[in-house]
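Student: What follows is a structure written as structure tokens; I'll ask about it next.
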Amino acid sequence: MLTKRIIPCLDIKDGRVVKGTNFVELRDAGDPVELSKIYNEQGADELVFLDITASYEKRDILIELVKRTADQVFIPLTVGGGIKTVEDFRKILRAGADKISVNTAAIKNPNLIREASEIFGSQCVVVAIDAKRRYVEGEEIDAVKGSGKNLLKVNNRYYWFEVYIYGGRKGTGIDAIEWGKRACELGAGEILLTSMDADGTKEGYDLELTRLMSESVKIPIIASGGCGTLKHIYDAFAYGKSDAALMASILHYREYTIQEIKEYLHNKGIPVRL
């Protein structure tokens with residue numbers, strides 16, 4: 118059985134690690150290079166580095182910061198933010214990244230997924246999906262049903278999951294589950310799935326979103342958004358059927374160490390690399 122992965126996430130703004138709630142109210146969480154070094158030593162399975170304002174600000178990623186971070190870690194490093202072309206992939210990989218995460222650029226040019234996977238291999242291409250619940254009522258329910266979107270119902274309320282781009286600033290009208298399926302067909306190696314509703318709340322991952330995506334595609338799913346307790350991580354694997362769990366606050370603010378997380382999961386029967 119494949120082991121489940123524990124992945125710290127470094128959201129970068131102005132060269133510093135930040136953490137917010139629902140993609141806003143960002144607060145400083147430390148130096149990315151120092152945190153990377155700590156997580157590498159603690160036994161993280163991978164590391165994700167996201168320049169969260171690069172796409173919105175229409176600029177290139179902080180390449181020197183990527184290089185300095187890559188120099189400190191000896192585990193797979195995924196880098197995302199502001200990556201628009203195959204040449205951007207090549208530049209970031211040369212800087213020391215192992216995988217590239219694309220979100221906005223993949224929505225605008227889906228063929229980028231295919232091109233990159235053909236050149237660098239699908240294992241290098243991570244499609245990040247920022248999804249938010251979109252509630253509908255009245256006549257809109259029938260319209261959504263007829264559109265091919267995955268309409269869900271809980272407590273007599275209907276909703277679907279919409280993809281957002283530009284760091285959660287702009288809705289696309291695209292169904293997250295259908296986009297995940299297409300990204301898989303285009304050659305993505307895995308999906309980094311973030312619930313915008315859960316992000317930073319520390320109330321748990323969106324297990325419905327995670328499970329639905331996991332059951333809809335044949336590539337690994339990284340659950341992201343909402344981690345606040347050890348049980349939340351267990352639930353992402355046991356009920357959300359994710360292959361990896363991304364987390365930030367509980368690590369950045371020293372609430373748990375990666376070793377504590379892994380020992381808890383191991384004792385609960387979740388296969389992890391100790």
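The numbering of the sequence shown is this note's numbering, which starts it at 118 and goes up by one. Built from N, CA and C at the ideal position, the CB exists for glycine as well. From a predicted model like this one, the values you see are computed outputs, not experimental measurements.
In the DSSP output, which residue or residues are listed as bridge partners for CYS126?
Tutor: The count along the sequence shown starts at 1 and reaches residue 126 at position 9. Paired residue(s): VAL165.
Student: Indicate the three-state DSSP secondary structure (helix, strand or coil) for PHE354 in the structure shown.
Tutor: Numbered from 1 along the sequence shown, position 237 holds the residue referred to as residue 354. Helix.
Student: So, helix, strand or coil for ASP205, using DSSP?
Tutor: Position 88 of the sequence shown, counted from the start, is the residue given in the question as residue 205. DSSP places ASP205 in helix when its eight states are reduced to three.
Student: Start and end of the alpha helix (DSSP H) containing GLU151?
Tutor: Taking the first residue of the sequence shown as 1, we reach residue 151 at position 34. Counting along the chain, the alpha helix (DSSP H) containing GLU151 begins and ends at 149 to 159.
Student: Return the CA-CA distance between LEU373 and ARG122, expressed in angstroms with no decimal places.
Tutor: Position 256 of the sequence shown holds residue 373. Position 5 of the sequence shown holds residue 122. Just to set this straight, residue 373 is Tyr in the shown sequence, not Leu. Whole-angstrom Cα-Cα distance: 16 Å.
Student: Excluding the five sequence neighbours on either side, which residues of its own chain have a C-beta within less than 8 Å of the C-beta of MET313, listed in chain order?
Tutor: Residue 313 sits at position 196 when you count from the first residue of the sequence shown. Excluding sequence neighbours, MET313 sits near ASN139, PHE140, ASP247, ALA248, LYS249, TYR281, GLY285, GLY342.
Student: Around the C-beta of ASP292, are 16 or more other C-beta atoms found within 10 angstroms, so that it is buried, or is it exposed?
Tutor: Locating residue 292 in the sequence shown gives position 175, counting from the first residue. Buried, by the Cβ-count rule.
Student: Name the residue from THR202, GLY199, SER234, ILE378 whose alpha carbon lies nearest to the alpha carbon of GLY345.
Tutor: For the purposes of this step, residue 345 is taken as residue 228 along the sequence shown, with counting starting at 1. Closest by alpha carbon: ILE378.
Student: Would you list the residues sitting across from ARG250 in a DSSP beta bridge?
Tutor: To locate residue 250, count along the sequence shown from 1; it is residue 133. Beta-bridge pairing by DSSP links ARG250 to PHE278.
Student: For VAL242 and LEU182, I'd like the C-alpha separation in whole angstroms.
Tutor: Translated into positions along the sequence shown, residue 242 becomes position 125. Translated into positions along the sequence shown, residue 182 becomes position 65. Between VAL242 and LEU182, the alpha-carbon positions lie close to 20 Å from each other.
Student: What first and last residue would you give for the beta strand (DSSP E) that runs through SER341?
Tutor: As a first step, residue 341 is located in the sequence shown; it is residue number 224 there, counting from the start. Counting along the chain, SER341 sits inside the beta strand (DSSP E) bounded by residues 338 to 341.
Student: Mind the definition here: the segment 362 to 372 touches the segment 292 to 305 only if three or more C-beta pairs lie below 8 Å; say whether that holds.
Tutor: At 8 Å Cβ cutoff, the stretches do not touch.
Student: So does PRO149 have its beta carbon nearer than 7 Å to some heavy atom of the ligand NAP?
Tutor: Ligands in the displayed structure: none, and consequently the ligand NAP is not present.
Student: Could you say which of LYS358, ILE350, ALA315, GLY197 lies nearest to MET330 if we only look at CA atoms?
Tutor: The residue you call residue 330 lines up with position 213 of the sequence shown. Selected option, being the one with the closest Cα: LYS358.
Student: Whose CA, out of VAL334, ILE350, VAL271, lies closest to the CA of TRP296?
Tutor: For the purposes of this step, residue 296 is identified with residue 179 of the sequence shown, where counting begins at 1. It is VAL334 whose Cα lies nearest to the Cα of TRP296.
Student: From LEU179 to THR318, what distance separates their C-alpha atoms?
Tutor: Counting from 1 along the sequence shown, the entry for residue 179 is found at position 62. Counting from 1 along the sequence shown, the entry for residue 318 is found at position 201. The straight-line gap from Cα to Cα measures roughly 28 Å.
Student: Does the beta carbon of PRO337 come closer than 8 Å to any beta carbon on chain D?
Tutor: Among the chains in the structure shown there is no chain D, since it carries only a single protein chain.
Student: Do THR202 and PHE166 have their CB atoms nearer than 8 Å?
Tutor: Counting from one through the sequence shown, the residue named residue 202 turns up at place 85. Counting from one through the sequence shown, the residue named residue 166 turns up at place 49. Contact flag unset, no.
Student: Would you list the one or two residues that DSSP bridges to SER218?
Tutor: In the sequence shown, the residue the question calls residue 218 occupies position 101. Residue pairing of SER218 in beta bridges, as defined by DSSP: GLY197, VAL243.
Student: Run the CB neighbour count on LEU391, radius 10 Å, all protein chains shown included, and call it buried at 16 or more, exposed below.
Tutor: The residue you call residue 391 lines up with position 274 of the sequence shown. Exposed, because fewer than 16 other Cβ atoms sit within 10 Å of the Cβ of LEU391.
Student: Given a cut-off of 8 Å, decide if ILE124 and ILE350 are closer than it, judged by their beta-carbon atoms.
Tutor: The residue given as residue 350 occupies position 233 in the sequence shown. The residue given as residue 124 occupies position 7 in the sequence shown. Taking 8 Å as the Cβ cut-off, ILE350 and ILE124 do not qualify as a contacting pair.
Student: Who pairs with VAL271 in a beta bridge, going by DSSP?
Tutor: Residue 271 sits at position 154 when you count from the first residue of the sequence shown. Beta-bridge annotation (DSSP): VAL271 is paired with ARG274.
Student: Using the C-alpha atoms, what's the distance from THR289 back to LEU127?
Tutor: Along the sequence shown, read from residue 1 onward, the residue named residue 127 stands at position 10. Along the sequence shown, read from residue 1 onward, the residue named residue 289 stands at position 172. Approximately 25 Å, taken between the alpha carbons.
Student: Whose CA, out of LEU310, LEU309, LEU347, lies closest to the CA of GLU320?
Tutor: Position 203 of the sequence shown, counting from 1, holds the residue named residue 320. If we check each option's Cα against that of GLU320, LEU347 comes out closest.
Student: Taking Cβ positions, are THR221 and TYR283 nearer each other than 8 Å?
Tutor: Residue 221 sits at position 104 when you count from the first residue of the sequence shown. Residue 283 sits at position 166 when you count from the first residue of the sequence shown. Yes, the Cβ-Cβ distance between THR221 and TYR283 is below 8 Å.
Student: Going by C-alpha to C-alpha distance, which of ILE192, LYS225, GLN189, ILE236 sits closest to PHE206?
Tutor: One-based indexing of the sequence shown puts residue 206 at position 89. Cα-wise, what sits closest to PHE206 is ILE236.
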